[in-house]
Amino acid sequence: MKKTLYGIPNCDTVKKARTWLAEHGHDFEFHDFKKQGLSRELAAGWLEQLDWEVLVNRKGMTWRNLPDERKASITDKAAALELMLENPSVIKRPVLEGAGPLNVGFSADQYARLFAEAA
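Dropping the structure here:
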């Protein structure tokens, strides 16, 4: 299955994931949220696989810079979907598809386990 890594290129965690994938010989396509955007279908599909609280990065600057009333309005999958479409930078990065279950975030150990299970 084709692997796709979603994120933004200047994110340190995305850079680490891209480096790890390349160093371990895994072919993947990189999807840049800033240049390529995010489709409703893709984001909705992710929300079917993972809870919105996993996908929305409430520790990041994008979330912290939202007005308090906007943050308070994100209470369910539908509200999270609209926020993700308005501002894909609020999504926890990177998102990796095609290497087993949908994976969010990066650590070398996490990817090693993920790719060992997918083999």
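Each residue of the sequence shown is one higher than the last, beginning at 867 in the working numbering. For glycine and all other residues, C-beta sits at the position ideal for the given N, C-alpha and C.
(message) Nearest by alpha-carbon distance to Ala965: which of Ser939, Phe981, Ala944, Gln976 is it?
(response) Numbered from its first residue, the sequence shown carries residue 965 at position 99. Of Ser939, Phe981, Ala944, Gln976, the residue nearest in Cα terms is Phe981.
(request) Please report how far the alpha carbon of Ile874 lies from the alpha carbon of Glu907, in whole angstroms. (result) Mapped onto the sequence shown, residue 874 falls at position 8. Mapped onto the sequence shown, residue 907 falls at position 41. Rounded to the nearest angstrom, the two C-alpha atoms are 19 Å apart.
(request) Note down, in chain order, each residue of its chain lying with its Cβ closer than 8 Å to the Cβ of Gln915, except the 5 sequence neighbours on either side. (result) The residue you call residue 915 lines up with position 49 of the sequence shown. Apart from sequence neighbours up to five positions away, the residues of its chain that approach Gln915 with a beta-carbon distance below 8 Å are Pro967, Leu968, ordered along the chain.
(request) Go ahead and label Lys958 buried or exposed: buried means 16 or more other beta carbons lie within 10 angstroms of its beta carbon, across all protein chains shown. (result) Working through the sequence shown from its first residue, we reach residue 958 at position 92. Burial call: buried.
(request) Pick out whichever of Ala944, Ile940, Val922, Leu949 has its Cα sitting closest to the Cα of Val970. (result) Counting from 1 along the sequence shown, the entry for residue 970 is found at position 104. Of the listed residues, the one whose Cα sits closest to Val970 is Val922.
(message) Less than 6 Å between C-beta atoms, sequence neighbours within five positions excluded: which residues of the same chain meet that for Leu887?
(response) Sequence index remark: in the sequence shown, residue 887 carries index 21 (1-based). Exclusion of the five residues before and after Leu887 leaves Phe894 as the residues of its chain whose Cβ lies within less than 6 Å of its Cβ.
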